[in-house]
Amino acid sequence: MALTLPLSGCAGSAPEERTPLVAESGAPVIIPGDPGGSGRTARPGERLGESEARVTAADVTFAEGMIPHHRQALEMAALVPPRSSSQEVKTLAERITAAQRPEIAAMTSWLRSVGRTPPGHDDHTVTQEQMNQLRTARGGAFDKLFLTLMIAHHEAAVEMAGVELRNGTDRIMRATAADVTSGQGIEIARMRKMLERL
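For the sequence shown, my numbering gives the first residue as 184, with consecutive numbering after it.
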């Protein structure tokens, strides 16, 4: 049974639905049997009930906005190895990829669990023109442009996470937003220092 969440109304509106609990393909989930009976292992994708957490439009909006936002960061990071002249920038790109790819997977799974279709790839924080400039740049010019654009990109993510922390109610999405705020805030400070040294 799919849940449909309305996205209209203010982001801080009353909670809409409980978050369904769905067995994943990772660690097995054991479902107890009747008293004295044996338990069984849940099938991946099996709905196990509902959590006490409630999902709001703010939670859904955060996940639906952050997935394409992270995908654009991964696209930018993938440009680094053949173009950058800085090992520090290359290491940063590896960290961004390592952090954001699992977050995309987690948010995609969460959206499906609440009956939403994960969004496509479109994110316009960094424009197509800026992405084209990044693709054609090399060496130090690439590094400066990459850091400048990624700082702005991270700042937009922190802003999105702040809205979720103010208005969202789902425990998983609030934890993701807190991770984004902390991790990307640290990376913004690092990138500013790196940019000063170039």
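Built from N, CA and C at the ideal position, the CB exists for glycine as well.
Kindly give me the distance between the Cβ atoms of residue i and residue j, rounded to whole angstroms, as I take these residues to be in contact under 8 Å.
| i | j | result |
| --- | --- | --- |
| Thr308 | His252 | 6 Å |
| Ile369 | Trp293 | Their Cβ separation, rounded to whole angstroms, is 24 Å, which puts Ile369 and Trp293 out of contact at 8 Å. |
Return the chain-ordered list of same chain residues with a C-beta closer than 8 Å to the C-beta of residue i, the five sequence neighbours on each side being excluded.
| i | result |
| --- | --- |
| Gly366 | Ala282 |
| Ile250 | Ile287, Met290, Thr291, Leu294, Pro301, Pro302 |
| Asp305 | Pro251 |
I'd like the list of long-range same chain contacts for residue i, defined as Cβ closer than 7 Å, with 5 residues on each side in sequence excluded.
| i | result |
| --- | --- |
| Thr323 | Sequence check: residue 323 is Gly here, not Thr. Result list for Gly323: Ser268, Leu381, in chain order. |
| Ala344 | Ala360, Val363, Thr364 |
Look at residue i and residue j and say whether their C-beta atoms are less than 8 Å apart.
| i | j | result |
| --- | --- | --- |
| Glu258 | Thr359 | no |
| Glu247 | Pro302 | yes |
| Arg284 | Ile334 | no |
| Arg357 | Ala320 | no |
| Val297 | Met377 | no |
| Phe329 | Leu317 | yes |
| Thr280 | Ala260 | yes |
Once DSSP output is grouped into helix, strand and coil, what is the label at residue i?
| i | result |
| --- | --- |
| Thr239 | coil |
| Arg357 | helix |
| Thr244 | helix |
| Arg223 | strand |
| Arg321 | coil |
| Thr364 | helix |
| Gly351 | coil |
| Leu381 | coil |
| Leu262 | coil |
What does a CB cutoff of less than 6 Å around residue i pick up in its chain, not counting 5 residues either side in sequence?
| i | result |
| --- | --- |
| Lys327 | Leu381 |
Can you list, in chain order, the stretches of the alpha helix (DSSP H) that have 4 or more residues and sit fully within the segment 264-310?
270-296
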